[in-house]
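Peer 1:
There are 2 protein chains.
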Amino acid sequence: MPRPRSLTPDRIASAALAVIDRDGLAGFTMRAVAAELSMSAMALYRYVDDREELERLIVERVLGGIDVTPPDPRLPWVERITILVQRMRTVVAAHPAVASLVPVHRHRSHAVLRWSEAVLGLLTEGGLAGERRVVALRGLLSYLLGAIQLEHLGPLTGPGTAALAELPSDRFPYLAETARSARQVGPDAEFDGGLALLLRGLTAP
Amino acid sequence: MPRPRSLTPDRIASAALAVIDRDGLAGFTMRAVAAELSMSAMALYRYVDDREELERLIVERVLGGIDVTPPDPRLPWVERITILVQRMRTVVAAHPAVASLVPVHRHRSHAVLRWSEAVLGLLTEGGLAGERRVVALRGLLSYLLGAIQLEHLGPLTGPGTAALAELPSDRFPYLAETARSARQVGPDAEFDGGLALLLRGLTAP
DNA sequence: GGCTGTAAGCGTACGTTGTAAACCTACGTG
DNA sequence: CACGTAGGTTTACAACGTACGCTTACAGCC
Chain A
1 MPRPRSLTPD
11 RIASAALAVI
21 DRDGLAGFTM
31 RAVAAELSMS
41 AMALYRYVDD
51 REELERLIVE
61 RVLGGIDVTP
71 PDPRLPWVER
81 ITILVQRMRT
91 VVAAHPAVAS
101 LVPVHRHRSH
111 AVLRWSEAVL
121 GLLTEGGLAG
131 ERRVVALRGL
141 LSYLLGAIQL
151 EHLGPLTGPG
161 TAALAELPSD
171 RFPYLAETAR
181 SARQVGPDAE
191 FDGGLALLLR
201 GLTAP
Chain B
1 MPRPRSLTPD
11 RIASAALAVI
21 DRDGLAGFTM
31 RAVAAELSMS
41 AMALYRYVDD
51 REELERLIVE
61 RVLGGIDVTP
71 PDPRLPWVER
81 ITILVQRMRT
91 VVAAHPAVAS
101 LVPVHRHRSH
111 AVLRWSEAVL
121 GLLTEGGLAG
131 ERRVVALRGL
141 LSYLLGAIQL
151 EHLGPLTGPG
161 TAALAELPSD
171 RFPYLAETAR
181 SARQVGPDAE
191 FDGGLALLLR
201 GLTAP
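Each protein sequence line maps, in turn, to chains A and B. In this text, residue positions in the first sequence follow UniProt numbering: the first is 1, and each later residue adds one. In this text, residue positions in the second sequence follow UniProt numbering: the first is 1, and each later residue adds one.
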């Protein structure tokens, strides 16, 4: 019988995401999100316990965009896993500033569960089970989240590389040389290359 | 001719680390660190531009503890890399709460440079060069930082696993089963297992 | 259609944070 | 001993998350 709710969790998450995309993580403030919704700051608290829950909503909204429909089953299972991993990277890349929120809230995310379930299915199809399968899933997730983080927090490829290339080459000969090679490797190639290493380790005899 | 400085960057970082170890990241406050040094909050700013620089000092102090002396050269190069990676994990594990600061400040850390140089040397010894070597270094760092993060932010192994095991097994059959296997895998085995995958990918034909 | 109870939404306020500015003060050098 | 520099303190402010209490709009009943 009371007044009906005017917001959905999804609408709130969208508003918060709009703020973050526009003003970065530093601009993400309860007041700013409320303003984006044309509300007072305190009205937000009718929908959310605290800032942390709002962050969870955001992460869930971003990761919820992952397409977990199984890739073409005619592809080798390793390639299908590659696709699933790339899909997760893609949705986060659409909102780079949330990259650092993901690891914090991942373990409460339903989207991550669905994604993990899909990956586990493919790992199983690849003949993995038991503890080896646990290690594989966890390894993929670690690499994925680590790579996303590094990518959006001061990339090796990119402007940082320039500084690296000017390192005193007597004390850091390898780094100086590597920085030169790094210029040839774009972010996608870098990510896919690392992922391929992991997956090759999975299938090697 | 003026009054001498009474603090070293290292002493400041130690105080901050003491605060973090005692009260967690949330307790890490300019005022708290200053109090730890028996100073007023503003006195800190004679030594540090802002909070961010203090965070950098902390990360540098933690990562500075890495032992980068080359492991026994009689070991295969893959094992020597394993040792270097584990050493990085070890120093962060000693101060779990700083885990989330590391990725943010890594690219300005001299300690990371030294570590990277050592790893690159071993990769080179393993016959890697050019873009393959770039991808390898970056892959190792991504996995390492991702794994550290996951480990200290809601582990798969650990209490989280219990919740996972009780998932509706009709919708998450693999996850439910995997959660049971996960109980057998300790954090060290999990980390080392994932790392081994990556390195095997590096040496596979 | 008016009345009413519930929950939506708002205004105000408090404690805490990072840090700017102005001030006082201890010390090495002349 | 005086002086100037830089160390340290005090005070202050804007912005943050959020507790509390009030007002107000609506769905269901008479």
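Where a beta carbon is used, it is the ideal one built from N, C-alpha and C, also for glycine.
(1) Please report the distance separating the alpha-carbon of aspartate 67/A from that of glutamate 79/B.
(2) Below 8 Å on C-beta distance, what does leucine 120/B contact in chain A?
(3) Does serine 109/B get closer than 8 Å to chain A when you measure Cβ to Cβ?
(4) How many Å lie between proline 103/A and glutamate 125/B at the Cα?
(5) Are the Cβ atoms of arginine 46/B and alanine 13/B separated by less than 8 Å?
(6) Mind the definition here: the segment 108 to 122 of chain B touches the segment 104 to 123 of chain A only if three or more C-beta pairs lie below 8 Å; say whether that holds.
(7) For histidine 171/B, which three-state DSSP category applies?
(8) Please check if any C-beta of chain B sits within less than 8 Å of the C-beta of leucine 57/A.
(9) Taking the CB atoms as reference points, tell me whether phenylalanine 28/B and alanine 16/B lie closer together than 8 Å.
(10) Sort Ser181/B, Ser109/B, Arg171/B and Val92/B by Cα distance to glutamate 53/B and report the nearest one.
(11) Could you give the distance in angstroms between the alpha-carbon of leucine 153/A and the alpha-carbon of methionine 1/A?
(12) Taking only three categories from DSSP, how would you classify leucine 37/B?
(13) Whose C-alpha, out of Val59/B, Thr82/B, Ile83/B and Ile81/B, is nearest the C-alpha of histidine 95/B?
(14) How big is the Cα-Cα spacing for residue 213/A and glutamate 177/B?
(15) Please give the ranges of any alpha helix (DSSP H) in the segment 81 to 133 of chain B, keeping only runs that are unbroken, at least 4 residues long and fully inside the region.
(16) Which residues of the segment 126 to 152 of chain A have a Cβ closer than 9 Å to any Cβ of chain B? Give them in chain order.
(17) How should leucine 202/A be labelled, buried or exposed, when 16 other C-beta atoms within 10 angstroms of its C-beta is the threshold for buried?
(18) On the premise that valine 185/A lies in contact with valine 112/B, defined as a C-beta separation below 8 Å, what is that separation, rounded to the nearest angstrom?
(19) Given that a residue counts as buried once 16 or more other Cβ atoms are within 10 Å of its Cβ, and exposed if not, what is alanine 204/B?
(20) Taking 8 Å as the cut-off, decide whether the C-beta atoms of isoleucine 20/B and alanine 99/B are in contact.
(21) When you compare only the Cα positions, how much space is there between alanine 196/A and alanine 129/B?
(22) Give the secondary structure of glutamate 190/B by DSSP, where H, G and I count as helix, E and B as strand, and everything else as coil.
(23) What separation, rounded to the nearest whole angstrom, lies between the Cα atoms of leucine 144/A and proline 71/A?
(24) Roughly how many whole angstroms lie between the Cα atoms of alanine 136/B and glycine 194/A?
(25) Looking at the structure shown, is proline 9/B part of a helix, part of a strand, or coil, going by DSSP?
(26) Helix, strand or coil for methionine 30/B? Go by DSSP, reduced to three states.
(27) State the DSSP-derived secondary structure class of threonine 161/A, mapped to helix, strand or coil.
(28) Look at the alpha carbon of tyrosine 174/B and the alpha carbon of arginine 180/B, and state the distance between them as a whole number of angstroms.
(29) Using the rule of at least 16 other Cβ atoms within 10 Å of the residue's Cβ for burial, across every protein chain shown, is serine 40/B buried or exposed?
(30) Let me know if threonine 161/A comes out buried or exposed under the rule of 16 or more other beta-carbons within 10 Å of its beta-carbon.
(31) Can valine 91/A and leucine 63/A be called in contact, C-beta distance under 8 Å?
(32) Are leucine 198/B and leucine 140/A closer than 8 Å when you measure CB to CB?
(33) By alpha-carbon positions, which one of Asp170/A, Gln149/A, Glu55/A and Leu44/A ends up nearest to histidine 107/B?
(34) Is the CB-CB distance between arginine 87/A and phenylalanine 191/A below 8 Å?
(35) Using the Cα positions of serine 142/B and alanine 18/B, report the straight-line distance between them to the nearest angstrom.
Peer 2: So, from the data block:
(1) Here the question's residue 67/A lines up with position 67 in the first sequence. Here the question's residue 79/B lines up with position 79 in the second sequence. So the two alpha carbons sit approximately 38 Å from each other.
(2) By 1-based counting over the second sequence, the position of residue 120/B is 120. Neighbours of leucine 120/B in chain A, taken as residues whose beta carbon is under 8 Å from its own, are Tyr174, Leu175 and Thr178 in chain order.
(3) Position 109 of the second sequence, counted from the first residue, corresponds to residue 109/B. Closer than 8 Å: no.
(4) Start at 1 with the first residue of the first sequence, and residue 103/A comes out as number 103. Start at 1 with the first residue of the second sequence, and residue 125/B comes out as number 125. Roughly 34 Å between the two C-alpha positions.
(5) On the second sequence, residue 46/B is found 46 positions in, with the first residue counted as 1. On the second sequence, residue 13/B is found 13 positions in, with the first residue counted as 1. No, Cβ-Cβ distance for arginine 46/B and alanine 13/B is not below 8 Å.
(6) no
(7) Indexing the second sequence from 1 puts residue 171/B at position 171. First, the amino acid is wrong: residue 171/B is arginine here, not histidine. Arginine 171/B falls in the coil class under three-state DSSP.
(8) The residue you call residue 57/A lines up with position 57 of the first sequence. Chain B contact via Cβ: absent.
(9) By 1-based counting over the second sequence, the position of residue 28/B is 28. By 1-based counting over the second sequence, the position of residue 16/B is 16. Closer than 8 Å, so yes.
(10) Within the second sequence, numbered from 1, the residue matching residue 53/B stands at position 53. Relative to glutamate 53/B, the option among Ser181/B, Ser109/B, Arg171/B and Val92/B whose CA is nearest is Ser109/B.
(11) Numbered from its first residue, the first sequence carries residue 153/A at position 153. Numbered from its first residue, the first sequence carries residue 1/A at position 1. Each residue's Cα considered, the two are about 49 Å apart.
(12) Taking the first residue of the second sequence as position 1, residue 37/B is located at position 37. Residue state for leucine 37/B is assigned as coil, using DSSP reduced to three classes.
(13) Translated into positions along the second sequence, residue 95/B becomes position 95. When only C-alpha atoms are compared, the closest one is Val59/B.
(14) Coverage of chain A is limited to positions 1 through 205, which leaves residue 213/A absent and any answer about it impossible.
(15) 102 to 105 and 110 to 125
(16) Ala129, Gly130, Glu131, Arg132, Arg133, Val134, Val135, Ala136, Leu137, Arg138, Gly139, Leu140, Leu141, Ser142, Tyr143, Leu144, Leu145, Gly146, Ala147, Ile148, Gln149, Leu150 and Glu151
(17) Translated into the one-based positions of the first sequence, residue 202/A becomes position 202. Label assigned to leucine 202/A: buried.
(18) The residue you call residue 112/B lines up with position 112 of the second sequence. The residue you call residue 185/A lines up with position 185 of the first sequence. Contact doesn't hold; Cβ gap of about 19 Å is too wide.
(19) Residue 204/B sits at position 204 when you count from the first residue of the second sequence. Exposed, since its Cβ has fewer than 16 Cβ neighbours within 10 Å.
(20) Here residue 20/B refers to the residue found at position 20 when the second sequence is read from its first residue. Here residue 99/B refers to the residue found at position 99 when the second sequence is read from its first residue. In this structure, alanine 99/B does not lie closer than 8 Å to isoleucine 20/B by Cβ.
(21) As a first step, residue 196/A is located in the first sequence; it is residue number 196 there, counting from the start. As a first step, residue 129/B is located in the second sequence; it is residue number 129 there, counting from the start. Going by the C-alpha atoms only, they are around 17 Å apart.
(22) The residue you call residue 190/B lines up with position 190 of the second sequence. Assigned with DSSP and collapsed to three states, glutamate 190/B falls in helix.
(23) Translated into the one-based positions of the first sequence, residue 144/A becomes position 144. Translated into the one-based positions of the first sequence, residue 71/A becomes position 71. Computed Cα separation, rounded: 19 Å.
(24) Locating residue 136/B in the second sequence gives position 136, where the first residue counts as 1. Locating residue 194/A in the first sequence gives position 194, where the first residue counts as 1. Spanning the two alpha carbons is a distance of roughly 7 Å.
(25) To locate residue 9/B, count along the second sequence from 1; it is residue 9. If DSSP states are grouped into helix, strand and coil, proline 9/B belongs with the helices.
(26) Along the second sequence, one-based indexing puts residue 30/B at 30. Here methionine 30/B sits in helix by DSSP.
(27) Position 161 of the first sequence, counted from the start, is the residue given in the question as residue 161/A. Looking at threonine 161/A - three-state DSSP - the assignment turns out to be helix.
(28) Walking along the second sequence from the start, residue 174/B turns up at place 174. Walking along the second sequence from the start, residue 180/B turns up at place 180. Taking the straight line joining both Cα atoms gives about 10 Å.
(29) Taking the second sequence and counting its residues from 1, one reaches residue 40/B at position 40. Exposed, by the Cβ-count rule.
(30) For the purposes of this step, residue 161/A is taken as residue 161 along the first sequence, with counting starting at 1. Buried, because 16 or more other Cβ atoms sit within 10 Å of the Cβ of threonine 161/A.
(31) Working through the first sequence from its first residue, we reach residue 91/A at position 91. Working through the first sequence from its first residue, we reach residue 63/A at position 63. In this structure, leucine 63/A lies closer than 8 Å to valine 91/A by Cβ.
(32) As a working note, residue 198/B is residue 198 in the second sequence. As a working note, residue 140/A is residue 140 in the first sequence. Taking 8 Å as the Cβ cut-off, leucine 198/B and leucine 140/A do not qualify as a contacting pair.
(33) As a working mapping, residue 107/B is identified with position 107 in the second sequence. For the residues Asp170/A, Gln149/A, Glu55/A and Leu44/A, the minimum Cα distance to histidine 107/B belongs to Gln149/A.
(34) For the purposes of this step, residue 87/A is taken as the residue at position 87 of the first sequence. For the purposes of this step, residue 191/A is taken as the residue at position 191 of the first sequence. Contact: no.
(35) In the second sequence, residue 142/B corresponds to position 142, counting from 1. In the second sequence, residue 18/B corresponds to position 18, counting from 1. Each residue's alpha carbon lies about 28 Å from the other.
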